[in-house]
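**Q** Have a look at this one.
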Amino acid sequence: MGMKSDEKLIVKGKRLDGRKPDEIREIEMEVGVIPNADGSAQVRFGNTIAIAGVYGPRELFPKHRQEPDRAIIQCRYNMAPFSVDERKRPGPSRRAVEISKVTRLALEPALFLDDYPEMVVDVYIEILQADGSTRVTGINAASLALADAGVPMKDLVVAISGGKVDNTILIDLCGKEDNYSEADIPIAFLPRKKEITLLQMDGQLTQKEIKDIIKTVLKAGETVYKKQKEVLIKKYGK
Amino acid sequence: MRPEYVLKLLENGERIDGRKMDQFRDIKVETGIIQRAEGSARVKIGKTDVIVGIKTGIGEPFSDIPNMGILKTAAEFTPIASPDFESGPPRENATELARVVDRGIRESECIDLEKLCIKEGEKTWEIFVDVHIINHDGNLIDASALAAVAALRTTKMPKLEDDKIIRDKLEKKLPLSHTPVTVTVGKVFDKFIIDPIKEEEELLDSKITVAVMEDGKVCAMQKSGKTGLSLEDVNKMIDLAVEKSKEIRKLL
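Below, the structure written as structure tokens:
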């Protein structure tokens with residue numbers, strides 16, 4: 003963050019990969035990719051690939067962690083060692099611990115957890131390839147995996163990152179844009195009620211810029227929402 | 165009751181999915197799937213699904229072999245792959261798998277490690293082989309070893325400029341000399357079995373994993389499982405592994 007890039011990240015209103023500022027990368031989604039899991043999905047935004055597996059609702063151990071009136075959700079966000087340029091040492095980093103937590107909080111409002119007292123829903127996210135916006139890609143995969151597992155949901159969860167680069171508001175930042183952005187804001191929300199469930203920010207922005215970014219993300223979210231629904235309908239029919 | 169039924173079938177030399185005892189499931193090998201990695205492969209054997217990524221780094225050679233490159237193999241049994249896997253540091257099975265895969269590569273002299281030394285005693289390339297299990301339905305070692313070799317064969321080394329790695333400039337291929345193929349043979353009752361699914365694997369009495377060279381020479385072995393084996397059994401199992409390795413080799 004805050005570093006200066008040697009090359010211009012935006013030239014004549016176009017980004018390095020030719021996108022317009024409010025354009026998301028090519029998206030690919032697939033559900034049911036892990037036979038062992040109760041639900042699973044693989045999601046690609048450009049060169050960022052996340053795979054999510056859901057196990058549960060299943061009984062939670064140790065028992066003292068059980069909630070008598072609802073299920074709990076546990077999340078694990080993990081980057082594969084080969085997902086980044088400089089090999090990542092296996093095992094959870096402080097960053098991964100935090101992302102796991104905010105991912106859980108981003109998903110939780112979408113679920114009817116009180117249908118499953120004393121149970122747990124485990125959500126595992128593996129980043130296979132990282133090119134920016136990994137946590138939001140992971141959340142989109144997790145949303146699909148939860149639906150694929152048949153966990154009752156109020157809505158799907160859609161997530162996209164926004165940010166500011168060279169004084170321009172951008173969404174769905176790729177790795178380079180992420181590294182050199184003046185600010186970035188990952189956002190997750192439940193599209194039907196536009197309920198925001200993940201909001202983080204690094205960098206400096208005016209209030210107006212923040213509002214603009216959120217608005218742009220919510221709008222672009224419609225495409226992602228549509229795509230999520232499409233891939234589920236394709237598997238499960240109307 | 166299913167395990168008992170599976171066991172009963174095995175006793176008669178039959179399998180729940182109708183395969184012959186020495187028959188592999190369908191195997192798919194896909195390479196170049198992770199662009200961030202210098203080499204990569206995804207291997208699916210039936211429902212078993214494994215990704216291997218190869219990364220490179222620069223390190224200091226070990227003092228006892230100052231002119232050799234460094235190979236490091238690690239495996240993560242991420243909880244995404246099975247309801248039985250838990251989060252946390254690699255446990256026994258993951259560590260064993262990584263070491264068995266490593267041994268096949270190392271002992272076959274698959275990678276020409278001498279060519280990876282940059283300055284004797286000071287600087288060398290490090291090759292990281294990372295095994296990531298996506299779905300576990302038995303026979304993880306054979307799948308991982310195959311993915312590792314397939315990934316190594318597609319690995320390109322990044323450019324080195326003033327001892328700095330230029331990651332977006334991949335140059336020549338990773339120098340390789342040999343291609344080991346790894347096959348595990350299990351034993352249950354008096355029967356030998358290849359490529360067990362998870363349910364079968366849990367019922368096996370013992371297993372031998374054998375890494376085989378191009379010429380049929382064996383370059384690494386690992387016995388596991390709860391019961392001992394006679395010399396006669398060991399010989400038969402090695403023979404079968406060498407025989408089956410020819411089928412797998414065709415996939416590379």
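As given, the protein sequences belong to chains A and B, one line each in that order.
Residue 3 is where the first sequence starts when you use this note's numbering, and the numbers rise one by one after that.
Residue 165 is where the second sequence starts when you use this note's numbering, and the numbers rise one by one after that.
For each residue, glycine too, the CB sits at the ideal point set by N, CA and C.
Since A:Q44 and A:V56 should fall inside the 8 Å C-beta cutoff, what is the C-beta to C-beta distance between them, to a whole number of angstroms?
**A** Taking the first residue of the first sequence as 1, we reach residue 44 of chain A at position 42. Taking the first residue of the first sequence as 1, we reach residue 56 of chain A at position 54. The C-beta separation of A:Q44 from A:V56 comes to about 13 Å, leaving the pair out of contact by the 8 Å criterion.
**Q** B:I305 and B:V264 - do their beta-carbons sit closer together than 9 Å?
**A** Your numbering for residue 264 of chain B matches position 100 in the second sequence. Your numbering for residue 305 of chain B matches position 141 in the second sequence. Yes, they are a contact pair.
**Q** Hey, which unbroken runs of the alpha helix (DSSP H) at 4 residues or more fall wholly within the region 267-350 of chain B?
**A** Entirely contained in the region 267-350 of chain B, the alpha helix (DSSP H) runs reaching 4 residues are, in chain order, 304-317.
**Q** Do we get a CB-CB distance below 9 Å when we pair A:I212 with the residues of chain B?
**A** For the purposes of this step, residue 212 of chain A is identified with residue 210 of the first sequence, where counting begins at 1. Taking a beta-carbon distance threshold of 9 Å, A:I212 does not count as an interface residue toward chain B.
**Q** A:G164 lies in the beta strand (DSSP E); which residues open and close that run?
**A** Numbered from 1 along the first sequence, position 162 holds the residue referred to as residue 164 of chain A. Unbroken beta strand (DSSP E) run through A:G164: 160-167.
**Q** Determine the direct distance from the alpha carbon of B:N303 to that of A:N80, and round the result to whole angstroms.
**A** Locating residue 80 of chain A in the first sequence gives position 78, counting from the first residue. Locating residue 303 of chain B in the second sequence gives position 139, counting from the first residue. Straight-line Cα distance between these residues: approximately 24 Å.
**Q** What residues of chain A sit near B:T259, judged by a beta carbon separation below 8 Å?
**A** The residue you call residue 259 of chain B lines up with position 95 of the second sequence. Simply none; closest approach about 12 Å.
**Q** Decide yes or no for the touch test of the region 152-167 of chain A against the region 78-94 of chain A: beta carbon pairs closer than 8 Å, at least 3 of them.
**A** The region 152-167 of chain A vs the region 78-94 of chain A: no contact.
**Q** Only counting the same chain, and skipping five residues up and downstream in sequence, which positions put a Cβ closer than 6 Å to that of A:S102?
**A** Mapped onto the first sequence, residue 102 of chain A falls at position 100. Counting only Cβ-Cβ distances below 6 Å, and skipping sequence neighbours, we find C77, R78, Y79.
**Q** Have a look at B:P339 and A:T50 and give me their C-alpha separation to the nearest angstrom.
**A** Within the second sequence, residue 339 of chain B is the residue found at index 175, counting from 1. Within the first sequence, residue 50 of chain A is the residue found at index 48, counting from 1. Rounded to whole angstroms, the separation of the alpha carbons of A:T50 and B:P339 is 29 Å.
**Q** Counting only the same chain and skipping the five closest in sequence on each side, list residues whose C-beta sits under 6 Å from that of B:Q456.
**A** Here chain B comprises residues numbered 165 to 416, so residue 456 of chain B is not present and cannot be evaluated.
**Q** Determine the contact status of A:L62 and A:C176, defining contact as a CB-CB distance below 9 Å.
**A** Residue 62 of chain A sits at position 60 when you count from the first residue of the first sequence. Residue 176 of chain A sits at position 174 when you count from the first residue of the first sequence. No. Outside cutoff.
**Q** Mind pulling the chain A residues with CB within less than 8 Å of B:A238?
**A** What you label residue 238 of chain B is simply residue 74 of the second sequence in a count that begins at 1. In chain order: P83, P92.
**Q** Assuming the contact rule is C-beta atoms closer than 8 Å, B:L174 and B:F353 should be a hit. Round their C-beta distance to whole Å, please.
**A** Here residue 174 of chain B corresponds to residue number 10 of the second sequence, with the count starting at 1. Here residue 353 of chain B corresponds to residue number 189 of the second sequence, with the count starting at 1. Rounded, the Cβ-Cβ distance is 7 Å, consistent with contact.
**Q** Please confirm whether A:D87 has its beta-carbon closer than 9 Å to some beta-carbon of chain B.
**A** Counted from its first residue, the first sequence places residue 87 of chain A at position 85. Taking Cβ atoms only, chain B reaches closer than 9 Å to A:D87, which makes this a yes.
**Q** For B:L395, which of helix, strand or coil comes out of DSSP?
**A** What you label residue 395 of chain B is simply residue 231 of the second sequence in a count that begins at 1. Three-state DSSP puts B:L395 in a helix.
**Q** Work out the CA separation of A:I215 and A:L172 for me, nearest whole Å.
**A** Residue mapping note: residue 172 of chain A aligns to position 170 of the first sequence, counting from 1. Residue mapping note: residue 215 of chain A aligns to position 213 of the first sequence, counting from 1. Rounded to whole angstroms, A:L172 to A:I215 spans 8 Å at the Cα level.
**Q** Using a Cβ-Cβ cutoff of 9 Å, what residues of the region 119-132 of chain A are near chain B? List them in chain order.
**A** D124, Y126, I127, E128, L130, Q131, A132
**Q** Does the beta carbon of B:V207 come closer than 9 Å to any beta carbon on chain A?
**A** Working through the second sequence from its first residue, we reach residue 207 of chain B at position 43. Answer no: the Cβ-Cβ gap between B:V207 and chain A never drops below 9 Å.
**Q** Beta-carbon of A:G55 versus every beta-carbon of chain B: anything under 9 Å?
**A** Here the question's residue 55 of chain A lines up with position 53 in the first sequence. Chain B, which has a Cβ nearer than 9 Å to the Cβ of A:G55, makes this yes.
**Q** Use the C-beta contact count for B:S308: other C-beta atoms within 10 angstroms, 16 or more gives buried, fewer gives exposed.
**A** Here residue 308 of chain B refers to the residue found at position 144 when the second sequence is read from its first residue. Result: buried.
**Q** With a cut-off of 8 Å on the beta carbons, I'd call B:V295 and B:A314 a contact; round off their distance for me.
**A** Indexing the second sequence from 1 puts residue 295 of chain B at position 131. Indexing the second sequence from 1 puts residue 314 of chain B at position 150. About 12 Å separates the Cβ atoms of B:V295 and B:A314, ruling out a contact at the 8 Å cut-off.
**Q** Suppose you measure from the CA of B:P230 to the CA of B:K328; what does that come to, to the nearest Å?
**A** For this step, residue 230 of chain B is matched to residue 66 along the second sequence. For this step, residue 328 of chain B is matched to residue 164 along the second sequence. Distance between the alpha carbons of B:P230 and B:K328: 20 Å.
**Q** What is the rounded straight-line gap between the Cα of B:I275 and the Cα of B:C383?
**A** Locating residue 275 of chain B in the second sequence gives position 111, counting from the first residue. Locating residue 383 of chain B in the second sequence gives position 219, counting from the first residue. So the alpha carbons of these two residues sit roughly 14 Å apart.
**Q** DSSP three-state label for A:T225, please.
**A** As a working note, residue 225 of chain A is residue 223 in the first sequence. DSSP places A:T225 in helix when its eight states are reduced to three.
**Q** Evaluate A:V13 with the Cβ neighbour count: other Cβ atoms within 10 Å of its Cβ, from every protein chain shown; 16 or more gives buried, anything less gives exposed.
**A** The sequence position of residue 13 of chain A within the first sequence is 11, counting from 1. By the 10 Å Cβ count, A:V13 comes out exposed.
**Q** Please decide whether A:T139 counts as near chain B, where near means a Cβ-Cβ distance under 9 Å.
**A** On the first sequence, position 137 is the one that residue 139 of chain A refers to. False, the Cβ-Cβ gap to chain B never drops below 9 Å.
**Q** CB A:I162 to CB A:I198, shorter than 9 Å?
**A** For the purposes of this step, residue 162 of chain A is taken as the residue at position 160 of the first sequence. For the purposes of this step, residue 198 of chain A is taken as the residue at position 196 of the first sequence. No, Cβ-Cβ distance for A:I162 and A:I198 is not below 9 Å.
**Q** Would you grab the beta carbon distance between B:E224 and B:E286 for me? Rounded to a whole angstrom, and I think it's under 8 Å.
**A** Counted from its first residue, the second sequence places residue 224 of chain B at position 60. Counted from its first residue, the second sequence places residue 286 of chain B at position 122. About 7 Å; that satisfies the 8 Å criterion.
**Q** Using CA coordinates, which residue listed in A:V219, A:V159, A:A39, A:K178 is at the minimum distance from A:L192?
**A** The sequence position of residue 192 of chain A within the first sequence is 190, counting from 1. For A:L192, the nearest C-alpha among the options comes from A:V159.
**Q** According to DSSP, simplified to helix, strand and coil, what is B:E381?
**A** Here residue 381 of chain B is taken as the residue at index 217 of the second sequence, counted from 1. In the sequence as displayed, the identity of residue 381 of chain B is Lys instead of Glu. Three-state result, B:K381: coil.
**Q** Looking at C-beta atoms only, is the number of pairs between the region 267-274 of chain B and the region 170-190 of chain B that lie closer than 8 Å three or more?
**A** By the Cβ criterion, the region 267-274 of chain B is not in contact with the region 170-190 of chain B, since fewer than three pairs of Cβ atoms, one from each stretch, lie closer than 8 Å.
**Q** Using the Cβ count rule (16 or more neighbours within 10 Å means buried), how would you classify B:T391?
**A** In the second sequence, residue 391 of chain B corresponds to position 227, counting from 1. Counting Cβ neighbours within 10 Å, B:T391 comes out exposed, since fewer than 16 surround it.
**Q** Whose Cβ in chain A lies nearer than 9 Å to the Cβ of B:I198?
**A** One-based indexing of the second sequence puts residue 198 of chain B at position 34. Neighbours of B:I198 on chain A, chain order: I51, A82, F84, S85, L130, Q131.
**Q** Looking at the C-beta of B:A344, does it have a partner C-beta in chain A at a distance below 9 Å?
**A** In the second sequence, residue 344 of chain B corresponds to position 180, counting from 1. A small correction: the amino acid at residue 344 of chain B is Pro; Ala does not occupy that position in the sequence shown. No, no contact with chain A.
**Q** Looking at C-alpha atoms only, which residue of B:L404, B:E335, B:K400, B:E378 is the closest neighbour of B:K414?
**A** If you number the second sequence from 1, residue 414 of chain B lands on position 250. For the residues B:L404, B:E335, B:K400, B:E378, the minimum Cα distance to B:K414 belongs to B:E378.
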